[in-house]
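The listed protein sequences correspond, in order, to chains G and Y. The first sequence begins at 256 in the working numbering and counts up by one. The second sequence begins at 256 in the working numbering and counts up by one. Backbone N, C-alpha and C fix where the C-beta goes; we use that ideal spot for every residue, glycine too.
There are 2 protein chains.
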Amino acid sequence: MRLVILGGVAAGTKAASRARRLDPELEITVYQEEPEPSISECGLPYLLSGVVGARENLIARTPEKFAEKDIEVLVRHRVESVDVASKTLSVRDLSTGEAFDDTYERLIIATGARAVLPPIPGADLDGVFKLRFLTDTDEIGRYIEERSPGKATIVGGGYIGLEVAENLCALGMKVSLIEGEDRVALAYGPEVSENVEAELEANDVGVYTGEKVAEFTGEGHVRSVRFGDQELDTDLVIVGVGVSPNVELAAEAGMEIGPTGAILVDRNMRTSIPDVWAAGDCVETTNLVSGRTAWVPLGDTANQMGRVAGTNAATGEETLEFPGVLGTGIFKVFDLNVGKTGLSEKEAEEAGFEVVSAGSWAHDRAGYYPGAQRVFLKLIADRATGRLLGAEASGSSTDKLIDICATALWGRLSYPDLVNIDLAYAPPYGPALSPVIQVATILSGKFDRAREGVRATE
Amino acid sequence: MRLVILGGVAAGTKAASRARRLDPELEITVYQEEPEPSISECGLPYLLSGVVGARENLIARTPEKFAEKDIEVLVRHRVESVDVASKTLSVRDLSTGEAFDDTYERLIIATGARAVLPPIPGADLDGVFKLRFLTDTDEIGRYIEERSPGKATIVGGGYIGLEVAENLCALGMKVSLIEGEDRVALAYGPEVSENVEAELEANDVGVYTGEKVAEFTGEGHVRSVRFGDQELDTDLVIVGVGVSPNVELAAEAGMEIGPTGAILVDRNMRTSIPDVWAAGDCVETTNLVSGRTAWVPLGDTANQMGRVAGTNAATGEETLEFPGVLGTGIFKVFDLNVGKTGLSEKEAEEAGFEVVSAGSWAHDRAGYYPGAQRVFLKLIADRATGRLLGAEASGSSTDKLIDICATALWGRLSYPDLVNIDLAYAPPYGPALSPVIQVATILSGKFDRAREGVRATE
Numbered sequence: 256m257r258l259v260i261l262g263g264v265a266a267g268t269k270a271a272s273r274a275r276r277l278d279p280e281l282e283i284t285v286y287q288e289e290p291e292p293s294i295s296e297c298g299l300p301y302l303l304s305g306v307v308g309a310r311e312n313l314i315a316r317t318p319e320k321f322a323e324k325d326i327e328v329l330v331r332h333r334v335e336s337v338d339v340a341s342k343t344l345s346v347r348d349l350s351t352g353e354a355f356d357d358t359y360e361r362l363i364i365a366t367g368a369r370a371v372l373p374p375i376p377g378a379d380l381d382g383v384f385k386l387r388f389l390t391d392t393d394e395i396g397r398y399i400e401e402r403s404p405g406k407a408t409i410v411g412g413g414y415i416g417l418e419v420a421e422n423l424c425a426l427g428m429k430v431s432l433i434e435g436e437d438r439v440a441l442a443y444g445p446e447v448s449e450n451v452e453a454e455l456e457a458n459d460v461g462v463y464t465g466e467k468v469a470e471f472t473g474e475g476h477v478r479s480v481r482f483g484d485q486e487l488d489t490d491l492v493i494v495g496v497g498v499s500p501n502v503e504l505a506a507e508a509g510m511e512i513g514p515t516g517a518i519l520v521d522r523n524m525r526t527s528i529p530d531v532w533a534a535g536d537c538v539e540t541t542n543l544v545s546g547r548t549a550w551v552p553l554g555d556t557a558n559q560m561g562r563v564a565g566t567n568a569a570t571g572e573e574t575l576e577f578p579g580v581l582g583t584g585i586f587k588v589f590d591l592n593v594g595k596t597g598l599s600e601k602e603a604e605e606a607g608f609e610v611v612s613a614g615s616w617a618h619d620r621a622g623y624y625p626g627a628q629r630v631f632l633k634l635i636a637d638r639a640t641g642r643l644l645g646a647e648a649s650g651s652s653t654d655k656l657i658d659i660c661a662t663a664l665w666g667r668l669s670y671p672d673l674v675n676i677d678l679a680y681a682p683p684y685g686p687a688l689s690p691v692i693q694v695a696t697i698l699s700g701k702f703d704r705a706r707e708g709v710r711a712t713e
Numbered sequence: 256m257r258l259v260i261l262g263g264v265a266a267g268t269k270a271a272s273r274a275r276r277l278d279p280e281l282e283i284t285v286y287q288e289e290p291e292p293s294i295s296e297c298g299l300p301y302l303l304s305g306v307v308g309a310r311e312n313l314i315a316r317t318p319e320k321f322a323e324k325d326i327e328v329l330v331r332h333r334v335e336s337v338d339v340a341s342k343t344l345s346v347r348d349l350s351t352g353e354a355f356d357d358t359y360e361r362l363i364i365a366t367g368a369r370a371v372l373p374p375i376p377g378a379d380l381d382g383v384f385k386l387r388f389l390t391d392t393d394e395i396g397r398y399i400e401e402r403s404p405g406k407a408t409i410v411g412g413g414y415i416g417l418e419v420a421e422n423l424c425a426l427g428m429k430v431s432l433i434e435g436e437d438r439v440a441l442a443y444g445p446e447v448s449e450n451v452e453a454e455l456e457a458n459d460v461g462v463y464t465g466e467k468v469a470e471f472t473g474e475g476h477v478r479s480v481r482f483g484d485q486e487l488d489t490d491l492v493i494v495g496v497g498v499s500p501n502v503e504l505a506a507e508a509g510m511e512i513g514p515t516g517a518i519l520v521d522r523n524m525r526t527s528i529p530d531v532w533a534a535g536d537c538v539e540t541t542n543l544v545s546g547r548t549a550w551v552p553l554g555d556t557a558n559q560m561g562r563v564a565g566t567n568a569a570t571g572e573e574t575l576e577f578p579g580v581l582g583t584g585i586f587k588v589f590d591l592n593v594g595k596t597g598l599s600e601k602e603a604e605e606a607g608f609e610v611v612s613a614g615s616w617a618h619d620r621a622g623y624y625p626g627a628q629r630v631f632l633k634l635i636a637d638r639a640t641g642r643l644l645g646a647e648a649s650g651s652s653t654d655k656l657i658d659i660c661a662t663a664l665w666g667r668l669s670y671p672d673l674v675n676i677d678l679a680y681a682p683p684y685g686p687a688l689s690p691v692i693q694v695a696t697i698l699s700g701k702f703d704r705a706r707e708g709v710r711a712t713e
């Protein structure tokens with residue numbers, strides 16, 4: 256049995272490893288355009304600043320390591336078309352330029368996503384970059400080394416832009432960040448956005464919200480960025496305004512594309528074409544809170560999807576299911592930790608819920624224990640049932656609070672569960688009642704008052 | 256309506272505050288023997304070493320603060336008997352020695368627990384202490400100041416003994432720890448016990464397991480401790496071998512005592528006597544994993560129970576329920592963080608489950624991100640259903656992992672949920688797949704192999 260996988264990184268290599276473990280007889284080939292098959296893309300911003308010391312640290316496994324497991328990894332190979340009727344592939348070796356055909360019996364599409372570069376005049380100038388692959392970091396690194404840019408501009412106030420802002424500041428650059436909407440971190444509520452903007456400003460990042468970039472100017476190299484009636488000198492621009500799924504190959508081969516524009520798969524990660532599975536940033540899935548289709552391109556999810564696709568492709572059966580995601584995410588910007596799970600208040604309303612929410616600051620350990628810091632936590636619940644719909648946090652211990660809430664969402668818990676839940680307490684780890692319990696208790700009070708309000712008007 | 260509460264600290268003062276919030280008309284009196292009504296007992300070990308700077312830091316609220324909310328707090332008052340037929344109390348003012356009667360319409364018992372001092376010869380020598388109340392810490396502090404003990408002995412390898420060991424080492428003492436059973440941290444599996452013992456030894460604590468203390472010797476002051484055929488010089492002894500619930504007053508008043516020896520209450524925190532509720536370390540509850548009665552005297556649980564008792568006593572109705580506990584706990588010993596939730600493997604077997612467990616070391620952040628440390632996590636699941644029964648961890652990020660697992664237990668999740676769960680990932684916060692997901696995946700493999708074993712023999 257011959258399994259071919261298109262794309263490496265998280266989903267593809269995970270699928271390959273998993274398939275190999277389940278079936279030692281399987282013939283496995285992975286094709287990938289990028290030169291490294293298994294890298295940690297989430298670490299790229301930290302490679303820029305040297306927080307992560309060497310690029311080798313981000314390469315989880317080399318083709319040689321895969322060869323030891325009898326997995327053939329062909330990097331710098333582009334699959335140019337797939338014929339699902341004859342189960343053949345046209346492949347081009349990018350090193351030699353030569354084309355050849357290959358065949359598969361089972362196929363996994365893990366072609367990932369690419370950074371979007373909006374059509375801004377001057378975006379083709381030297382010094383204007385996106386940040387998606389290790390090769391991007393290599394190019395940015397070379398540019399920084401050659402030209403020692405003193406001023407940098409980030410376009411986009413999502414998590415990539417924010418992570419990059421921190422890492423360019425660490426290199427001593429004066430950083431400006433331009434966001435088209437009226438606040439950064441749009442996936443969050445306004446309280447968290449405010450905390451993020453305050454953290455940026457405290458670290459001397461110039462924040463320009465509600466501004467669309469009109470033009471990059473310069474001769475050869477970028478020298479300035481224009482927006483509104485302003486113009487900022489800049490020696491380096493990094494654009495992080497989003498990503499889009501790489502679906503062209505799959506679409507041309509006849510695979511169904513879903514409403515989000517990513518490849519449609521079922522819970523077994525099967526595409527609409529027999530013997531073809533797909534996983535990772537190129538597929539859509541279900542948001543388990545809203546029940547709606549969602550496209551959430553993240554490394555950990557890609558990894559989990561890859562496990563399911565690799566398993567089912569190896570067995571040819573419906574062995575494992577990938578149920579969906581919660582929309583959990585986290586990022587660090589300077590000393591602020593920012594995370595969410597489930598739906599923001601706005602997302603919940605868009606999904607048709609009437610919401611009750613509560614937010615509060617709390618300490619991350621007993622107030623008297625040295626080093627106690629603050630965290631803002633907001634919980635969002637369904638007015639009709641009390642069920643938790645989402646949580647977001649910024650400050651200290653965010654990762655813990657968001658993971659508690661993500662697990663609560665997975666178990667479809669309601670606010671009374673979170674009031675009584677038995678979490679771990681000792682002074683070095685939290686206040687006697689976890690911030691989750693504290694905010695759930697505030698939420699509980701809002702539900703009580705809402706009920707009393709109903710009673711009063713009855 | 257007059258509400259009387261016996262006992263302050265966590266449950267009693269929480270109940271008082273909650274009752275006041277719900278009913279501004281209620282007459283509320285709290286009686287307590289100890290001089291401070293609302294203190295954080297969990298912080299006491301850290302007061303010894305000065306990690307917590309001043310005893311005032313541990314006093315959450317003074318009687319004056321309660322008076323502002325129109326809650327009368329009478330400290331240094333002992334309630335000597337309760338007559339539930341006439342709803343009267345006999346009270347003694349310990350400052351003046353005078354006795355008086357009081358009446359109640361509703362009563363909350365929150366008399367807490369006391370440290371057990373085993374009948375070891377010499378336990379009455381100066382320098383042999385238990386550690387339960389702020390007054391104990393005061394006495395130990397005075398003793399340390401007067402006599403500058405160079406060698407200290409801890410009796411008991413539970414979390415209090417371990418926390419005290421760290422804090423006495425911080426004062427420069429040579430510390431020995433004696434545990435009667437064959438390993439410390441008995442509530443955990445052997446892997447965690449080993450990690451704790453290694454941490455103690457790395458910090459130059461002498462660890463003696465499987466040893467019962469035969470005698471403390473000395474003239475006036477303790478000078479040595481004898482066990483087996485050994486004798487250790489010691490200038491200070493702290494005994495932390497457990498606590499027992501203060502139920503005498505309730506038992507004499509006719510309240511039913513449960514199988515654990517603590518006061519029996521229902522989910523509304525009602526005792527067997529009308530108009531009497533009870534909460535905190537003096538009551539038993541249900542372990543929601545085993546479904547069995549459990550007595551778990553911990554500050555956070557006491558706080559949550561106090562909220563329920565105070566609410567229901569204020570309304571006189573079944574307004575809130577306290578469903579039970581998971582048995583979640585955490586402690587710090589030097590640089591090791593040790594926590595658990597649910598049942599250990601041994602506890603699960605005793606509760607009648609056939610278990611499948613998996614344990615592994617993992618990193619607490621992306622391996623390439625600076626400062627990555629290790630954590631050992633063990634998951635315990637029910638062989639019949641796959642349901643998670645417990646988790647324990649030692650190392651870094653223990654609090655996060657245990658809280659994730661506690662939430663999973665609260666939601667009655669099974670191992671496949673934990674394989675697919677959408678937790679928060681970014682390089683500063685964890686490896687791409689959380690240790691919880693990693694260990695659940697190992698567990699999943701064990702279940703698969705067990706099933707294949709079944710199939711192979713079919």
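Is residue i close to chain Y, meaning its C-beta is less than 8 Å from at least one C-beta of that chain?
| i | result |
| --- | --- |
| Asp654 of chain G | yes |
| Gly546 of chain G | no |
| Val610 of chain G | no |
| Tyr359 of chain G | no |
Alpha carbons only, please: which of the options is nearest the one belonging to residue i?
| i | options | result |
| --- | --- | --- |
| Thr284 of chain G | G:Ala695, G:Ala365 and G:Gly352 | G:Ala365 |
| Leu362 of chain G | G:Arg638, G:Tyr670 and G:Glu282 | G:Glu282 |
| Val334 of chain G | G:Asp703, G:Asn501 and G:Thr696 | G:Asn501 |
| Pro376 of chain Y | Y:Leu632, Y:Lys467 and Y:Lys701 | Y:Lys467 |
| Cys660 of chain G | G:Gly535, G:Glu454, G:Tyr623 and G:Ser599 | G:Ser599 |
| Pro671 of chain G | Y:Ser341, Y:Ala568, Y:Phe577 and Y:Pro318 | Y:Phe577 |
| Leu688 of chain Y | G:Ala557, G:Pro690 and G:Asn592 | G:Ala557 |
| Met256 of chain G | G:Glu280, G:Arg275, G:Leu673 and G:Arg276 | G:Glu280 |
| Leu581 of chain G | G:Arg667, G:Ala569 and G:Phe589 | G:Arg667 |
| Ile697 of chain G | G:Arg273, G:Leu632 and G:Tyr684 | G:Leu632 |
| Gly298 of chain Y | G:Tyr684, G:Ala648, G:Pro690 and G:Met428 | G:Tyr684 |
If you draw a straight line from the alpha carbon of residue i to that of residue j, how long is it in whole angstroms?
| i | j | result |
| --- | --- | --- |
| Arg199 of chain Y | Leu417 of chain Y | With chain Y running from 256 to 713 in the structure shown, residue 199 of chain Y is simply not present. |
| Ser304 of chain G | Gly465 of chain Y | 53 Å |
| Arg402 of chain G | Gly382 of chain G | 9 Å |
| Ala506 of chain Y | Glu539 of chain Y | 14 Å |
| Asp278 of chain G | Leu491 of chain G | 49 Å |
| Leu656 of chain G | Leu487 of chain Y | 45 Å |
| Glu713 of chain G | Arg706 of chain G | Residue confidence is low: Glu713 of chain G scores 44 on pLDDT, short of 50, so the model does not pin down where it sits. Its coordinate-derived value is still stated next. So the alpha carbons of these two residues sit roughly 10 Å apart. |
| Gly263 of chain Y | Leu441 of chain Y | 30 Å |
| Ile260 of chain G | Lys701 of chain Y | 27 Å |
| Cys424 of chain G | Asp391 of chain G | 19 Å |
Beta-carbon of residue i versus every beta-carbon of chain G: anything under 8 Å?
| i | result |
| --- | --- |
| Val306 of chain Y | yes |
| Tyr443 of chain Y | no |
| Pro552 of chain Y | no |
| Gly473 of chain Y | no |
| Ile364 of chain Y | no |
| Glu713 of chain Y | Per-residue confidence for Glu713 of chain Y stands at a pLDDT of 45, beneath the threshold of 50, marking its modelled position as unreliable; the derived number appears in the next sentence. With 8 Å as the cut-off, Glu713 of chain Y does not count as an interface residue toward chain G. |
Starting from residue i, find everything on chain G with Cβ-Cβ shorter than 8 Å and list it in chain order.
| i | result |
| --- | --- |
| Lys587 of chain Y | Ala681, Pro683 and Tyr684 |
| Ser295 of chain Y | Ala621, Tyr623, Pro682 and Ala687 |
Using a Cβ distance threshold of 8 Å, determine whether the stretch 341-358 of chain Y contacts the stretch 509-521 of chain Y, with at least three qualifying pairs required. Not touching, per the Cβ criterion.
Using a Cβ distance threshold of 8 Å, determine whether the stretch 606-617 of chain Y contacts the stretch 671-684 of chain Y, with at least three qualifying pairs required. Taking 8 Å as the limit for Cβ pairs, the verdict is that the stretch 671-684 of chain Y does not touch the stretch 606-617 of chain Y.
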